[in-house]
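Quick note, in full-length UniProt numbering, the sequence shown goes up one by one and the last residue is 323. Yeah, the Cβ is synthetic: ideal placement off N, Cα and C, and Gly gets one too. Just below is one structure, and these are the notes that go with it.
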Amino acid sequence: MCHKDFLMCESCEVEYVLDIRSGFESASARFDPGELEGLRLDNRRVMVTGANSGIGLACCKELVKRGAEIHMVCRNIERGQAARDAVIEAAGNPNAAVHLHQLDLTQTKSVFEFARQFSTTHDRLDVLINNAGCMVNELSVDANNLEANFATNTLATYILTETLLSALKKSTDPRVIVVSSGGMLVQKLDHADPMLVKQRNRFDSTMVYAQNKRQQVVMTEIWAESHPNIQFASMHPGWADTPAVATSMPSFHHRMEGRLRTPEQGADTIVWLALTPNLRNYPNGSFFQGTKFIHLIVSISCDLQTASEAYTRSALVKWPCGF
Numbered sequence: 001m002c003h004k005d006f007l008m009c010e011s012c013e014v015e016y017v018l019d020i021r022s023g024f025e026s027a028s029a030r031f032d033p034g035e036l037e038g039l040r041l042d043n044r045r046v047m048v049t050g051a052n053s054g055i056g057l058a059c060c061k062e063l064v065k066r067g068a069e070i071h072m073v074c075r076n077i078e079r080g081q082a083a084r085d086a087v088i089e090a091a092g093n094p095n096a097a098v099h100l101h102q103l104d105l106t107q108t109k110s111v112f113e114f115a116r117q118f119s120t121t122h123d124r125l126d127v128l129i130n131n132a133g134c135m136v137n138e139l140s141v142d143a144n145n146l147e148a149n150f151a152t153n154t155l156a157t158y159i160l161t162e163t164l165l166s167a168l169k170k171s172t173d174p175r176v177i178v179v180s181s182g183g184m185l186v187q188k189l190d191h192a193d194p195m196l197v198k199q200r201n202r203f204d205s206t207m208v209y210a211q212n213k214r215q216q217v218v219m220t221e222i223w224a225e226s227h228p229n230i231q232f233a234s235m236h237p238g239w240a241d242t243p244a245v246a247t248s249m250p251s252f253h254h255r256m257e258g259r260l261r262t263p264e265q266g267a268d269t270i271v272w273l274a275l276t277p278n279l280r281n282y283p284n285g286s287f288f289q290g291t292k293f294i295h296l297i298v299s300i301s302c303d304l305q306t307a308s309e310a311y312t313r314s315a316l317v318k319w320p321c322g323f
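Listed below in structure tokens is the structure:
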């Protein structure tokens, strides 16, 4: 794949950073609601991480209405159970196929074991939505020398997706959707320090999060090249009013009160990517803002060959994850 057309400019960065409710309303005018009218997900098995609140919960509610079998992956079992009840209520069917899985994505061995077990107990997975994310504001490194944000946002996404590939390949129309962020535009890939922890006295959670989100986009493109029969996509949900934003970015959340997207508005592109019959009209591994395919971004850091070497071989595969 040639990346000479991957561009970044200040206007693009401003568009992403300011992609709030007004941006959603503007983009909605260009969206054809008829494209998804009547589309169903009956007999389609969908897994959503970070499903107990915010954008993940909004995705589950919309997709279950369209007949999907939902697998909600949540860290907190009590919040997850309440979210599952809300999804079943949204379905309008007490017998809706909504399953809850407890999983702490910071525990890399647990992520691997969960995905391996799911692959052996289910005949296939049709759609994987990597939505879970975090922004831990203080430096936290575990016993495996994994920084907490990297472990959740990058490494868990990698392990879960890689381990579920066998189940996805058994689907007739497999899709993997990665919820990234336009915030990645403020951070170059750092191959020497992928967790941004070497300068511990200068730890910046915002930059770490941006690095993680850029890593997700690079991984999505690598997967798309390696597994062309699976449709991969990453996307920017805009700035939505979710518990995660309120907790991790309280000052920003307060300043933007009333102007952030709703969780449902943040989920709209994910729902579209899960449903649209036209996804193969776009290059595999594309990055989306709304229903618009965006030519990306790697030019300010490195080409895909270098990114692949740095992340799939060094920063990811060789981490001492305990399995």
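- Here Ser119 is not near Val178, since their CB atoms are 8 Å or more apart.
- Where Glu69 is concerned, the enclosing beta strand (DSSP E) starts and stops at Glu69 to Cys74.
- Judged by DSSP secondary structure, Met47 falls within the beta strand (DSSP E) whose first and last residues are Arg45 to Thr49.
- Contact between the region 166-182 and the region 224-233 is established, with three or more Cβ pairs separated by less than 8 Å.
- The DSSP-derived three-state label of Gln107 is coil.
- Nearest Cα to Asn43 within the set Ala115, Arg124 and Gly56: Arg124.
- With fewer than 16 neighbouring CB atoms inside 10 Å of its own CB, Lys109 falls in the exposed class.
- Just so you know, the alpha carbons of Ala96 and Leu146 end up roughly 38 Å apart.
- Judged by DSSP in its simplified three-state form, Arg175 adopts strand.
- Distance from the CA of Leu189 to the CA of Glu162, rounded to the nearest whole angstrom, comes to 21 Å.
- The DSSP assignment places no complete run of the beta strand (DSSP E) inside the region 186-228 (cut-off: 3 residues).
- Excluding residues up to 5 positions away in sequence, Gly56, Asn131 and Ala132 lie with their Cβ nearer than 6 Å to the Cβ of Gly50 in the same chain.
- Residue His101 holds the alpha-carbon nearest to the alpha-carbon of Gln117 among Glu35, Thr106, His101 and Ile129.
- Look at Asn130 here: in three-state DSSP terms it is strand.
- Around the beta carbon of Glu89, fewer than 16 other beta carbons lie within 10 angstroms, which makes this residue exposed.
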